[in-house]
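Engineer:
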Amino acid sequence: MNGSQLSGKRVLVVGLARSGNAAASVLVAQGAEVVAFDRDEAIDAGRLLELGVEVHLGREEEKLLQGIDLVVKSPGVPGEAPLVAGARIRGIPVWGEIELGARLLANPILGVTGTNGKTTTSELLGEVFRAADRPVEVAGNVGRPLTALVGSVSPDAWIVCELSSFQLEDVETLRPKIGVLLNLEPDHLDRHGSFDSYAAVKLRIFERQSSEDTAVVPRGFTPVPGTGRRVEFDASDVLPAEPRIPGTHNRENAAAATAAARAAGIADDAIAEALRTFAGVPHRIELVRELRGVRYVNDSKATNVAAALRALASFPGSRLHVIVGGRGKAEPYAPLAAALGSGDRAYLIGEASQEIAAALDSAGVPHVETDDLGSALAAAASNATAGDVVLLSPACASFDQFKDFEARGDAFRRLVEALA
Numbered sequence: 004m005n006g007s008q009l010s011g012k013r014v015l016v017v018g019l020a021r022s023g024n025a026a027a028s029v030l031v032a033q034g035a036e037v038v039a040f041d042r043d044e045a046i047d048a049g050r051l052l053e054l055g056v057e058v059h060l061g062r063e064e065e066k067l068l069q070g071i072d073l074v075v076k077s078p079g080v081p082g083e084a085p086l087v088a089g090a091r092i093r094g095i096p097v098w099g100e101i102e103l104g105a106r107l108l109a110n111p112i113l114g115v116t117g118t119n120g121k122t123t124t125s126e127l128l129g130e131v132f133r134a135a136d137r138p139v140e141v142a143g144n145v146g147r148p149l150t151a152l153v154g155s156v157s158p159d160a161w162i163v164c165e166l167s168s169f170q171l172e173d174v175e176t177l178r179p180k181i182g183v184l185l186n187l188e189p190d191h192l193d194r195h196g197s198f199d200s201y202a203a204v205k206l207r208i209f210e211r212q213s214s215e216d217t218a219v220v221p222r223g224f225t226p227v228p229g230t231g232r233r234v235e236f237d238a239s240d241v242l243p244a245e246p247r248i249p250g251t252h253n254r255e256n257a258a259a260a261t262a263a264a265r266a267a268g269i270a271d272d273a274i275a276e277a278l279r280t281f282a283g284v285p286h287r288i289e290l291v292r293e294l295r296g297v298r299y300v301n302d303s304k305a306t307n308v309a310a311a312l313r314a315l316a317s318f319p320g321s322r323l324h325v326i327v328g329g330r331g332k333a334e335p336y337a338p339l340a341a342a343l344g345s346g347d348r349a350y351l352i353g354e355a356s357q358e359i360a361a362a363l364d365s366a367g368v369p370h371v372e373t374d375d376l377g378s379a380l381a382a383a384a385s386n387a388t389a390g391d392v393v394l395l396s397p398a399c400a401s402f403d404q405f406k407d408f409e410a411r412g413d414a415f416r417r418l419v420e421a422l423a
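Going by the working numbering, the first residue of the sequence shown is number 4, and it counts up by one from there.
See below:
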């Protein structure tokens, strides 16, 4: 079944957050008969009901698969969810929302994946294309579903698509004209089971590339699937201009974006303009405020240890007061503890507090266990002096206490702005 054959098909959409809503809407527009399901009984399905979607909330029931020709699943829905697993047993095709979008859009796709830096690099690439006066849309894991572009994007526009491992799990025909892998470090092991499985999913971005396509990878990275032309990068590359956003990791992101933009035929002067002006995105080493000489930095997007390590390395010479914790991802925290200096201190929140505390104790790092983000910030602010940095870089997911990392970062920003 391809995108043009959806009319008249009965399609079940599983998961009704942003991606699921967009998928259901575009399926209706394609003439499909749409059934939608979400476990959350409180979800607002009013718009979908107005479109004629048959909405079911709460308990997963196998009878929802009766008469279904296709299942489209949101990235947050795991493959072992009963409706998804049941569909595969019955031989019903299962597409991710990204796969649906890829089948319905003829635009060239510049796909960006990696463990960390995906959103920053994707948004930077959007700025590069705009600086070159080239039509572009940025979508995918950045928050704008790929399917939301169907019927609205200019046919000559490039689509820069951030791709998470959850989104790459369920692609079949996706073939980025340019694919970018920024880095590959342990993450989401609670879902993928092992680093090897996680890495294999990430590398699916290259699987269907041909010699007409380009694969942008870190210098010296292991061979990748597909036959795309290989282009390598690292932080030592000579760039058209120095990036405005700080940190060695952001220089790596800039090098990857430069390689990808050149592969798309964009001139160095436009790349340089974007590098000099791009200020970054919220929740990624975002300076919220400086108060009495103390810098307060929101890095809520650091949802794994590798991301937090990048943040810690971004403030050489400063004493750090780091707020860490949340819902763990089955990662070891010893590397995080080892990266903290003798004068640094950690403030622990969330479900993973005890595991992190054990690693900090082993490394001799002083720490304070607190109940919530407000208590952690108050303790950090009371201990910080001029020249110090109070850094929210949790190394964990947010779902134990917050809706998502954005909500956690927004809460931190409000608390910092309220400091006397």
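For glycine and all other residues, C-beta sits at the position ideal for the given N, C-alpha and C.
#1: Terminal residues of the continuous alpha helix (DSSP H) containing Asp271?
#2: Based on DSSP bridge pairs, tell me the residues matched to Gly328.
#3: Roughly how many whole angstroms lie between the Cα atoms of Gly114 and Arg416?
#4: Taking its Cβ as the centre, do 16 or more other Cβ atoms sit within 10 Å of Asp302, making it buried, or is it exposed?
#5: Would you call the stretch 186-205 and the stretch 166-174 touching, i.e. three or more CB-CB distances under 8 Å?
#6: Any idea which residues DSSP pairs Arg232 with across the strands?
#7: Would you mind giving the Cβ-Cβ distance between Ala258 and Leu278, rounded to the nearest angstrom? I have them listed as a contact below 8 Å.
#8: For Ala202, I'd like the list of residues in its chain whose CB is within less than 7 Å of its CB, leaving aside the five on either flank, ordered along the chain.
#9: Closer than 7 Å by C-beta to Ala267: which residues in its own chain qualify, once you throw out the five before and the five after it? Chain order, please.
#10: Can you give the Cα-Cα distance for Asp173 and Glu102, rounded to whole angstroms?
#11: Spatial neighbours of Val37 within its chain, please: C-beta separation below 6 Å, excluding the five flanking residues on both sides.
#12: From Pro78 to Gly18, what does the alpha carbon distance come to, in whole angstroms?
#13: Over what stretch of residues does the beta strand (DSSP E) that includes Arg292 continue unbroken?
#14: Just to confirm before moving on: does the CB-CB distance between Arg348 and Cys399 stay below 8 Å?
#15: Beta carbon of Val327, beta carbon of Pro221: below 8 Å?
#16: Can you tell which of Ala341, Asn119 and Thr280 has its C-alpha closest to the C-alpha of Ala366?
#17: Under 8 Å, do Leu185 and Gly120 count as touching if we go by C-beta distance?
#18: Unbroken alpha helix (DSSP H) runs of length 4 or more, entirely within the stretch 83-124: which are they?
#19: What are the partner residues of Asn301, as DSSP defines its beta bridges?
#20: Just the Cα atoms here: how many angstroms apart are Val183 and Leu206?
#21: Here's the rule: buried if 16 or more other CB atoms are within 10 angstroms of the residue's CB, otherwise exposed. What is Arg254?
#22: Could you round the C-beta distance between Leu418 and Gly377 to whole angstroms and report it? I think they count as a contact, below 8 Å.
#23: To the nearest angstrom, report how far apart Leu363 and Pro369 are at their CA atoms.
#24: Out of Pro228, Leu68 and Asp391, point me to the one whose CA is closest to Leu294's CA.
#25: Roughly how many angstroms lie between the CA atoms of Ala433 and Thr280, to the nearest whole one?
#26: Would you mind working out which of Glu140, Pro285 and Ala333 sits nearest Ala414, comparing C-alpha positions?
#27: Over what stretch of residues does the beta strand (DSSP E) that includes Asp41 continue unbroken?
#28: Just verifying my parser: in three-state terms, what is the DSSP assignment at Val1?
#29: Specify, as a first and last residue, the run of the alpha helix (DSSP H) that Ala337 falls within.
#30: Within 10 angstroms of its Cβ, does Ser401 collect 16 or more other Cβ (buried), or is it exposed?
#31: Determine the extent of the beta strand (DSSP E) in which Arg13 is found, giving its start and end residues.
#32: As a quick exercise: from Leu9, Ile269 and Glu65, pick the residue whose alpha carbon is nearest that of Asp136.
#33: Is the CB of Ser22 under 8 Å away from at least one CB in chain D?
#34: Opposite His370 in the DSSP bridges: which residues?
#35: To the nearest angstrom, report how far apart Thr373 and Ser7 are at their CA atoms.
#36: Determine the extent of the alpha helix (DSSP H) in which Lys180 is found, giving its start and end residues.
Structural biologist: Based on what the coordinates show:
#1: Taking the sequence shown and counting its residues from 1, the one referred to as residue 271 is at position 268. Asp271 to Thr280 is the span of the alpha helix (DSSP H), which, as asked, contains Asp271.
#2: Mapped onto the sequence shown, residue 328 falls at position 325. DSSP output for Gly328 lists Ile352 as bridge partner(s).
#3: As a working mapping, residue 114 is identified with position 111 in the sequence shown. As a working mapping, residue 416 is identified with position 413 in the sequence shown. Their backbone Cα atoms lie some 31 Å apart in a straight line.
#4: Along the sequence shown, read from residue 1 onward, the residue named residue 302 stands at position 299. Under this definition Asp302 is a buried residue.
#5: yes
#6: Position 229 of the sequence shown, counted from the start, is the residue given in the question as residue 232. Paired residue(s): Thr217.
#7: Working through the sequence shown from its first residue, we reach residue 258 at position 255. Working through the sequence shown from its first residue, we reach residue 278 at position 275. That belief does not hold up - the Cβ atoms of Ala258 and Leu278 are roughly 10 Å apart, past 8 Å.
#8: Residue mapping note: residue 202 aligns to position 199 of the sequence shown, counting from 1. Correct list, in chain order: Leu187.
#9: In the sequence shown, counting from the first residue as 1, residue 267 sits at position 264. Leu113, Trp161 and Ile181, listed in sequence order.
#10: On the sequence shown, residue 173 is found 170 positions in, with the first residue counted as 1. On the sequence shown, residue 102 is found 99 positions in, with the first residue counted as 1. One C-alpha to the other measures close to 7 Å.
#11: Sequence index remark: in the sequence shown, residue 37 carries index 34 (1-based). So the qualifying residues of the chain are Val14, Ala27, Leu30, Val31 and Val56.
#12: Stepping through the sequence shown from its first residue, residue 78 is reached at position 75. Stepping through the sequence shown from its first residue, residue 18 is reached at position 15. Their Cα atoms are separated by approximately 8 Å.
#13: Residue mapping note: residue 292 aligns to position 289 of the sequence shown, counting from 1. First-last of the beta strand (DSSP E) with Arg292: Glu289 to Leu294.
#14: By one-based count along the sequence shown, residue 348 stands at place 345. By one-based count along the sequence shown, residue 399 stands at place 396. Against a cut-off of 8 Å, the Cβ pair of Cys399 and Arg348 comes out as no contact.
#15: The residue labelled residue 327 in the question sits at position 324 within the sequence shown. The residue labelled residue 221 in the question sits at position 218 within the sequence shown. Contact: no.
#16: Sequence index remark: in the sequence shown, residue 366 carries index 363 (1-based). If we check each option's Cα against that of Ala366, Ala341 comes out closest.
#17: For this step, residue 185 is matched to residue 182 along the sequence shown. For this step, residue 120 is matched to residue 117 along the sequence shown. Yes, the Cβ-Cβ distance between Leu185 and Gly120 is below 8 Å.
#18: 85-92 and 100-107
#19: By 1-based counting over the sequence shown, the position of residue 301 is 298. Partner(s): Glu289 and Leu395.
#20: On the sequence shown, position 180 is the one that residue 183 refers to. On the sequence shown, position 203 is the one that residue 206 refers to. For Val183 and Leu206, the distance between alpha carbons rounds to 10 Å.
#21: What you label residue 254 is simply residue 251 of the sequence shown in a count that begins at 1. Looking at its Cβ environment, which holds 16 or more other Cβ atoms inside 10 Å, Arg254 is buried.
#22: The sequence position of residue 418 within the sequence shown is 415, counting from 1. The sequence position of residue 377 within the sequence shown is 374, counting from 1. Contact flag correct, Cβ pair sits at about 6 Å.
#23: Here residue 363 corresponds to residue number 360 of the sequence shown, with the count starting at 1. Here residue 369 corresponds to residue number 366 of the sequence shown, with the count starting at 1. The alpha-carbon atoms of Leu363 and Pro369 are separated by roughly 7 Å.
#24: The residue labelled residue 294 in the question sits at position 291 within the sequence shown. Checking every option, the nearest Cα to that of Leu294 belongs to Asp391.
#25: Outside the modelled stretch of the chain, which goes from 4 to 423, sits residue 433, for which no answer is possible.
#26: For the purposes of this step, residue 414 is taken as the residue at position 411 of the sequence shown. If we check each option's Cα against that of Ala414, Pro285 comes out closest.
#27: Reading the sequence shown from its first residue, position 38 is the one you call residue 41. Start and end: Glu36 to Asp41.
#28: One cannot answer for residue 1 here, as it falls past the ends of the chain, which runs 4 to 423.
#29: To locate residue 337, count along the sequence shown from 1; it is residue 334. Counting along the chain, the alpha helix (DSSP H) containing Ala337 begins and ends at Ala337 to Ala342.
#30: To locate residue 401, count along the sequence shown from 1; it is residue 398. So Ser401 ends up on the buried side.
#31: The sequence position of residue 13 within the sequence shown is 10, counting from 1. Start and end: Arg13 to Val17.
#32: For this step, residue 136 is matched to residue 133 along the sequence shown. Asp136 has its Cα closest to that of Ile269, out of Leu9, Ile269 and Glu65.
#33: Looking at the structure shown, chain D is missing, and only one protein chain is on hand.
#34: The sequence position of residue 370 within the sequence shown is 367, counting from 1. Paired residue(s): Ala349.
#35: In the sequence shown, the residue the question calls residue 373 occupies position 370. In the sequence shown, the residue the question calls residue 7 occupies position 4. So the alpha carbons of these two residues sit roughly 54 Å apart.
#36: On the sequence shown, residue 180 is found 177 positions in, with the first residue counted as 1. Run containing Lys180: none; DSSP gives neither H nor E here.
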